[in-house]
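Accompanying notes for the structure given below.
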Amino acid sequence: AQSVAQPEDQVNVAEGNPLTVKCTYSVSGNPYPFWYVQYPNRGLQFLLKYITGDNLVKGSYGFEAEFNKSQTSFHLKKPSALVSDSALYFCAVSAPYASKIIFGSGTRLSIRP
Amino acid sequence: KAGVTQTPRYLIKTRGQQVTLSCSPISGHRSVSWYQQTPGQGLQFLFEYFSETQRNKGNFPGRFSGRQFSNSRSEMNVSTLELGDSALYLCASSLGGKENQPQHFGDGTRLSIL
Chain A
2 AQSVAQPEDQ
12 VNVAEGNPLT
22 VKCTYSVSGN
32 PYPFWYVQYP
42 NRGLQFLLKY
52 ITGDNLVKGS
62 YGFEAEFNKS
72 QTSFHLKKPS
82 ALVSDSALYF
92 CAVSAPYASK
102 IIFGSGTRLS
112 IRP
Chain B
180 KAGVTQTPRY
190 LIKTRGQQVT
200 LSCSPISGHR
210 SVSWYQQTPG
220 QGLQFLFEYF
230 SETQRNKGNF
240 PGRFSGRQFS
250 NSRSEMNVST
260 LELGDSALYL
270 CASSLGGKEN
280 QPQHFGDGTR
290 LSIL
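In order, the protein sequences belong to chains A and B.
Its first residue numbered 2, the first sequence is counted upward by one per residue in my numbering.
Its first residue numbered 180, the second sequence is counted upward by one per residue in my numbering.
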């Protein structure tokens, strides 16, 4: 079965420190991974997506993601966390030719001042 | 460019009733997907419509149905409401042509069943 795994339900980081939110997936073909963020009482907001050939993708609000094809991972990173980064983060993977996007279970990121 | 608009934002219904939720996609987007989000089950895919045709369907009972109009606006209907249907229902639109196109989400309709 095709799946997307976010192994950590919650990640806690001090403001100013680097952060990593992990995502691995098991999707056949050449899937396209994405990251979304959700703030309270809002829908999901697109952060960034994998671009063919780029192992480090830069997105909105200083976030970037590291793509590793052999490990089928697409970890979200930020060099210096802000309190305003606290939110729920979803990894998603588009299954080629299936017109379907598979979402992970989400990771709650908490940045303490 | 206006974003994805979902109406209403909040809805309270009782068991056994039915409800219709509306979604207006971003102009030019032909694909509309619906998701159910609950604290326990996370984000679950309901169905996707593209050019008025249901292109993909999740594992929900037949009480959940949808449709898409020629202007790409979509509606979702839930009949014979159950307490477990209480959730945030999210709509997302995309151009729909290629796998690497991101989805753009509305702020959802929060449905509460009493």
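Glycine included, every Cβ here is placed at the ideal spot set by N, Cα and C.
All values derive from a computational prediction rather than experimental measurement.
Among the options, which has the Cα closest to the Cα of residue i?
i             : options                       : result
residue 206/B : 293/B, 264/B and 283/B        : 283/B
residue 251/B : 261/B, 195/B, 187/B and 201/B : 201/B
residue 181/B : 240/B, 208/B, 187/B and 199/B : 208/B
residue 91/A  : 107/A, 49/A and 56/A          : 107/A
residue 380/B : 261/B, 204/B, 285/B and 187/B : Nothing can be reported for residue 380/B: it is not among the residues displayed for chain B, which extend from 180 to 293.
residue 115/A : 101/A, 110/A, 79/A and 82/A   : In the structure as shown, chain A begins at 2 and stops at 114. Residue 115/A is therefore absent and cannot be evaluated.
residue 35/A  : 42/A, 20/A, 73/A and 9/A      : 73/A
Under a three-way DSSP split, which group does residue i fall into?
i             : result
residue 262/B : helix
residue 183/B : coil
residue 241/B : coil
residue 251/B : coil
residue 62/A  : helix
residue 111/A : strand
residue 106/A : coil
residue 357/B : Only positions 180 to 293 of chain B appear in the structure, and residue 357/B is not among them; the question remains open.
residue 212/B : strand
residue 81/A  : coil
With a cut-off of 8 Å on the beta carbons, I'd call residue i and residue j a contact; round off their distance for me.
i             : j             : result
residue 222/B : residue 214/B : 5 Å
residue 266/B : residue 217/B : 5 Å
residue 6/A   : residue 26/A  : 7 Å
residue 185/B : residue 287/B : 6 Å
residue 3/A   : residue 96/A  : 6 Å
residue 197/B : residue 257/B : 6 Å
residue 281/B : residue 273/B : 7 Å
residue 75/A  : residue 64/A  : Not confirmed; about 12 Å, so no contact.
residue 203/B : residue 183/B : 7 Å
residue 87/A  : residue 112/A : 5 Å
Taking only the alpha-carbon atoms, compute the straight-line gap between residue i and residue j and give it to the nearest angstrom.
i             : j             : result
residue 132/A : residue 259/B : Summary: the structure shown does not reach residue 132/A, with chain A confined to residues 2 through 114, and so no result is reported for it.
residue 235/B : residue 17/A  : 42 Å
residue 244/B : residue 103/A : 20 Å
residue 275/B : residue 193/B : 35 Å
residue 77/A  : residue 53/A  : 17 Å
residue 191/B : residue 247/B : 24 Å
residue 70/A  : residue 13/A  : 27 Å
residue 210/B : residue 225/B : 14 Å
residue 60/A  : residue 22/A  : 14 Å
residue 15/A  : residue 114/A : 6 Å
residue 237/B : residue 30/A  : 21 Å
residue 231/B : residue 255/B : 13 Å
residue 242/B : residue 199/B : 12 Å
Which partner residues of residue i appear in the DSSP bridge assignment?
i             : result
residue 283/B : 272/B
residue 4/A   : 27/A
residue 74/A  : 25/A and 69/A
residue 221/B : 217/B
residue 91/A  : 37/A
residue 246/B : 254/B
residue 292/B : 192/B
residue 49/A  : 36/A
residue 201/B : 186/B and 254/B
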